[in-house]
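Before any comments, here is the structure.
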Amino acid sequence: MDIEKNVSVATKVASGLDSKVDTVSHDFLILLYQKVPLLAYSVYGITYAQIIVAVLIFLFIFILRPLLVKFTLEVSLKLAKRTKTEYDDRVIENLKEPLQLAFLLLAFYLFFSVLLIDNRFLNLLLGSLVIFNFFWIVWATICALDGLVFHTVGKLSSDISTSLGSFILRVVKILI
Numbered sequence: 000m001d002i003e004k005n006v007s008v009a010t011k012v013a014s015g016l017d018s019k020v021d022t023v024s025h026d027f028l029i030l031l032y033q034k035v036p037l038l039a040y041s042v043y044g045i046t047y048a049q050i051i052v053a054v055l056i057f058l059f060i061f062i063l064r065p066l067l068v069k070f071t072l073e074v075s076l077k078l079a080k081r082t083k084t085e086y087d088d089r090v091i092e093n094l095k096e097p098l099q100l101a102f103l104l105l106a107f108y109l110f111f112s113v114l115l116i117d118n119r120f121l122n123l124l125l126g127s128l129v130i131f132n133f134f135w136i137v138w139a140t141i142c143a144l145d146g147l148v149f150h151t152v153g154k155l156s157s158d159i160s161t162s163l164g165s166f167i168l169r170v171v172k173i174l175i
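Heads up: the sequence shown begins at 0 in numbering that gives the first Met the number 0, then just goes up one per residue.
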């Protein structure tokens with residue numbers, strides 16, 4: 000019973016947020032529909048204008064994704080070069096694939112948001128993929144920092160440093 004109450008409150012809050020967006024775009028859509036009446040027609044409750052805008056946004060992000068990832072990594076690497084260690088450089092280099100997925104998830108999120116499709120399955124799927132991407136980022140960071148673990152363990156005891164470092168990394172990866 001309480002869960003349903005919380006869901007309805009969250010839905011009202013989300014609807015309030017969406018209405019602010021709708022008021023901004025409402026005047027634009029009215030003007031667009033007056034200029035091109037064909038765009039006001041709908042398929043399954045989704046207007047042609049929404050479909051066109053959603054596809055354009057998705058294609059824009061999808062096509063520019065390699066450039067966005069490259070730009071983000073280059074800026075991050077320039078900032079990381081200012082440090083004395085190379086561990087941060089390795090972490091940034093390992094984040095290329097998770098960052099590509101993050102931009103793809105953003106494209107899908109915006110696509111479905113513009114279409115105003117509020118499907119529980121899609122919300123759960125996108126949420127699960129965001130969580131997957133988060134843990135992929137953590138995994139990539141740990142893999143990039145394996146040299147730091149071996150270096151730190153090597154200071155304690157050089158005899159068992161390889162075994163202990165491998166053990167620590169395996170335990171951390173299992174916890175993830």
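A virtual CB, placed ideally from N, CA and C, is assigned to each residue, including glycine. The structure presented is a predicted model; accordingly, all values stated were derived computationally and were not measured.
One alpha carbon belongs to Phe102, the other to Ile51, and they sit about 20 Å apart.
Scanning Ala48, Thr82 and Ser41 for the CA closest to the CA of Lys34 turns up Ala48.
Taking every protein chain shown into account, the CB of Ile60 has 16 or more other CB atoms within 10 angstroms, so this residue is buried. Within 10 angstroms of the beta-carbon of Thr46 lie 16 or more other beta-carbons, which makes it buried. Close CB contacts of Asn132 within its chain, under the 8 Å cut and outside five residues either way in sequence, are with Pro97, Leu100, Ala101 and Leu104 (chain order). Between the C-alpha atoms of Gly126 and Leu30 there is a straight-line separation of about 35 Å. Arg119 is classed as exposed because its beta carbon has fewer than 16 other beta carbons within 10 Å across all chains shown. Classified as exposed, Leu78 has fewer than 16 neighbouring CB atoms from the shown chains inside 10 Å of its CB.
Ile173 and Tyr32 have their C-alpha atoms spaced approximately 55 Å apart.
The shortest CA-to-CA distance from Val137 to any of Lys95, Ser75, Asn122 and Ala106 is the one to Lys95. In terms of Cβ geometry, Gly146 and Tyr86 form a close pair [threshold 8 Å]. Comparing alpha carbon positions, the residue from Asn122, Ser165, Arg81 and Ile91 closest to Thr71 is Ile91. For Ile45, the pairing in a beta bridge is given by DSSP as Val42.
Rounded to the nearest whole angstrom, the C-alpha separation of Leu168 and Ser162 is 10 Å. Taking 8 Å as the upper bound for CB-CB distance, Leu109 and Ile56 are in contact here, some 5 Å apart. Here the alpha carbon of Val113 sits roughly 19 Å from the alpha carbon of Arg64. If you check the CB distance, Asn93 and Ala139 come in under 8 Å.
Straight across, the Cα-Cα distance linking Leu144 with Leu37 is about 56 Å.
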